[in-house]
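Below is one structure; the comments refer to it alone.
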Amino acid sequence: MNPGYRLYYPRWYRKRVPIFWWLHKRSYAVFIARELTSVFVVYAAAVVVALVLTLNKGEPAWEAAMSRLSHPLVITAHVLVLFVILFHTITWLNLAPMAIVVKLGDRKVPPTAVLIGHYGAWFACSVVVAWLLLWR
Amino acid sequence: MKRSREPIIWVLFGGGGMASALFLPVLILVLFIALPLGWVQSAPIDDLQWLVRHPLTRLGLIVFVMLCLFHWAHRFRYTLYDGLQLSHLNEVIAVLTYGMAMVGTVVGAYLIWGVG
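Going down the list, the protein sequences come from chains Y and X. According to this note's numbering, the first sequence is numbered sequentially starting from 5. According to this note's numbering, the second sequence is numbered sequentially starting from 2.
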C-alpha cells in the first residue's frame, strides 16, 4: 500500500467564518476601518501631486483647480477625508510608544514621553507646512 | 537561508504610516479646504512655484508618495487576507498590491520630477 495513504485519515475541522465577521464586534470593525484609511492616504497623496502639477502650469490653472475644489460636494467629501486621515493619524501616533522603545544610555524613555514627542512632531510638521504654503 | 523581504516592506509600511500621519492632515486642511473656501490666502504663486520646483521638495514629495503607496499596499494586502479571507490568494494579492505601489511610485516620480 502507498505509505502516504492512510485509512480513516481525519478531515480538518474548520469552523466556517462569515465574510463580514468583522462587523460583529466593534473592535473588529474599527480594525478594518483603520486598514481602509490607507485608501484615503493614497487618494490624498494623489490629489496633492495633482495640485503640484497644476501649480507648475501657472496661475490660471491653479485658480481653476481651487474653484473646482470649492464645490460644496467636493468640500463635503474632503471634510470626510480629513476626518478619516485624522483617525489614521491619532491611532498611528497613539501606537508609537508601543512600537518604539527609546533608550537613553541604559535607561528607557517613558512611553508617555515618546507619545508626547510624536504629537510634538505632528504639530511641528503642520506648522512648517502651513507656513510654507501661506507665508507672504 | 533565503533572506526575508519582510523587514524592507515593514519599513516602507511604517514610514508611510508615519509620513502620512504627520503631513496629510495639514495638507488636506490647507490645500483641500481652507484655500478653496478662501479662509486663508496662499503664499504668492511665484513662491509656491519656486517651492515645488526646488529639487529637495520634489525629492521629498517622491519619497512621500512612495511611502504612502507602500503603506497602502501593506494594509490593503492584509485587509484582503483577513477581512475577506483570501489568504489562499497570498501570492497573487502580494504581487498586485506591491506591484501597484511600484508602478504608482514610478509614475509619480516621473510626473513630480518633470515639474520645474
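Don't be surprised by glycine CBs; every beta carbon is placed ideally from N, CA and C. On a predicted model such as this, the values are computed, not experimentally measured, just so you know.
Beta-carbon contacts of residue i that lie in its chain and below 7 Å, excluding the five residues immediately before and after
i      : result
C59(Y) : Residue identity differs from the one stated: residue 59(Y) is Leu in this sequence, not Cys. Counting only Cβ-Cβ distances below 7 Å, and skipping sequence neighbours, we find W66.
A95(X) : R78
Other residues of its chain near residue i: CB distance less than 8 Å, five sequence neighbours each side excluded
i       : result
L90(X)  : L81
I113(X) : R59, L62, I63 and V66
Beta-carbon proximity check, residue i vs residue j, cutoff 8 Å
i       : j       : result
V113(Y) : A100(Y) : no
A74(X)  : A110(X) : no
T41(Y)  : F91(Y)  : yes
L23(X)  : W126(Y) : yes
L70(X)  : T106(X) : yes
Y123(Y) : V85(Y)  : no
L28(X)  : V132(Y) : no
Reference residue i; option with closest CA among the options
i       : options                              : result
G117(X) : L62(X), L85(X) and P56(X)            : P56(X)
F77(X)  : R38(Y), M70(Y) and V85(Y)            : R38(Y)
T95(Y)  : A54(Y), R20(Y), S31(Y) and W26(Y)    : S31(Y)
P26(X)  : L97(Y), V105(Y), R111(Y) and D110(Y) : L97(Y)
M102(Y) : T93(Y), T80(Y), P115(Y) and K29(Y)   : P115(Y)
Per DSSP, cross-strand counterpart(s) of residue i
i       : result
R111(Y) : L108(Y)
Neighbouring residues, chain X, relative to residue i (Cβ below 9 Å)
i      : result
R18(Y) : Those within 9 Å of R18(Y) in chain X number zero; the least Cβ separation is about 11 Å.
T93(Y) : S21, A22, L23, L25 and P26
N60(Y) : Q50, V53, R54, G115, V116 and G117
Neighbouring residues, chain Y, relative to residue i (Cβ below 8 Å)
i      : result
P8(X)  : Residues of chain Y passing the Cβ test: none, with the nearest at roughly 14 Å.
V31(X) : V133, A134, L137 and L138
G16(X) : Within chain Y, no residue comes near G16(X); the closest Cβ sits about 12 Å away, beyond 8 Å.
Listed by chain order, chain Y residues near residue i by CB distance under 7 Å
i      : result
T80(X) : I36, E39 and L40
W73(X) : S42, V43, V45 and V46
Neighbour list for residue i in chain X, Cβ cutoff strictly below 7 Å
i      : result
I89(Y) : L25, P26 and I29
Cut-off 6 Å between Cβ atoms - residues of its own chain near residue i, not counting five sequence neighbours on either side
i     : result
L1(X) : The structure shown does not extend to residue 1(X), since chain X spans only 2 to 117, so no value can be given for it.
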